[in-house]
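**Q** The structure's right below; bear with me while I get my questions together.
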Amino acid sequence: MFCSNCGIQLPDALTFCYQCGTRVGAYSEQQPLLSRKQFYLSSPETQKLYQELRVWQKLAGVGFLIAGIAQLAILSRIVIDWTMPLHIGLMSYIVAMIGFIIALVFSCKALPSLSHLNKMYKTYVQWHKNSYSQ
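So, in structure tokens, the structure goes:
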């Protein structure tokens, strides 16, 4: 279904357009509130944002994984084997910092998508509640 006011594609379960607030569906007491994930997957616009968010989250996870592995190397130097050459320990510190920087950068890249999706979902929930109070 499409909004008659702004033209955005909407899932059939919506009563109001989450973009502009125009009533688009028939009012029904049985109309269920979509879960956050169902809402994210309900239209092409939200699907695109959700997929973009998931990519950034996965890349941030890779950064944390790199940092974690480097931290294990550092711990092994401290706890297990003090005979490990110092330059390997320093390289581990550098790799850990690089991993944390990667994670931070990709986490920051995910924030606009997450913020926009959350704002759209909150608007949808508010309009859903308003549709039952009218």
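Okay, so the sequence shown: first residue is 310 according to the numbering used here, each after it adds one. We put the CB at the ideal spot given by N, CA and C, even for glycine. Computed from a predicted model, the values in this text were never measured in an experiment.
Where does S422 land, buried or exposed, given buried means 16+ other C-beta within 10 angstroms?
**A** Along the sequence shown, one-based indexing puts residue 422 at 113. So S422 counts as buried.
**Q** Any idea what DSSP makes of Q347, helix, strand or coil?
**A** Taking the first residue of the sequence shown as position 1, residue 347 is located at position 38. Here Q347 sits in helix by DSSP.
**Q** According to DSSP, Q318 sits in a beta bridge with which residue or residues?
**A** Numbered from its first residue, the sequence shown carries residue 318 at position 9. According to DSSP, which records beta bridges pairwise, Q318 is partnered with F311.
**Q** If I measure Cβ to Cβ from Q339 and keep anything under 8 Å in the same chain, skipping five residues before and after, which residues do I get?
**A** Along the sequence shown, read from residue 1 onward, the residue named residue 339 stands at position 30. At Q339, the pLDDT of 48 sits below 50, so the modelled position is not reliable; the number obtained from the coordinates is stated separately. Excluding residues within five positions, none has a Cβ falling inside 8 Å.
**Q** Would M358 and H425 qualify as a contact pair, given that the criterion is a beta-carbon distance under 8 Å?
**A** Residue 358 sits at position 49 when you count from the first residue of the sequence shown. Residue 425 sits at position 116 when you count from the first residue of the sequence shown. This sequence places Leu at residue 358; Met is not what is there. A contact, by the Cβ cut-off of 8 Å.
**Q** With distances taken from CA atoms, which of I397, V414, Q347, T432 is nearest A382?
**A** Walking along the sequence shown from the start, residue 382 turns up at place 73. Comparing Cα-Cα distances from A382 to each of I397, V414, Q347, T432, the minimum goes to I397.
**Q** Going by alpha carbons, who is nearest to R332 out of K418, F311, A412, F409?
**A** In the sequence shown, residue 332 corresponds to position 23, counting from 1. Selected option, being the one with the closest Cα: F311.
**Q** Excluding the five sequence neighbours on either side, which residues of its own chain have a C-beta within less than 7 Å of the C-beta of S337, listed in chain order?
**A** Taking the first residue of the sequence shown as position 1, residue 337 is located at position 28. With a pLDDT of 48 at S337, under the threshold of 50, the modelled position of this residue cannot be trusted, and the question is left open.
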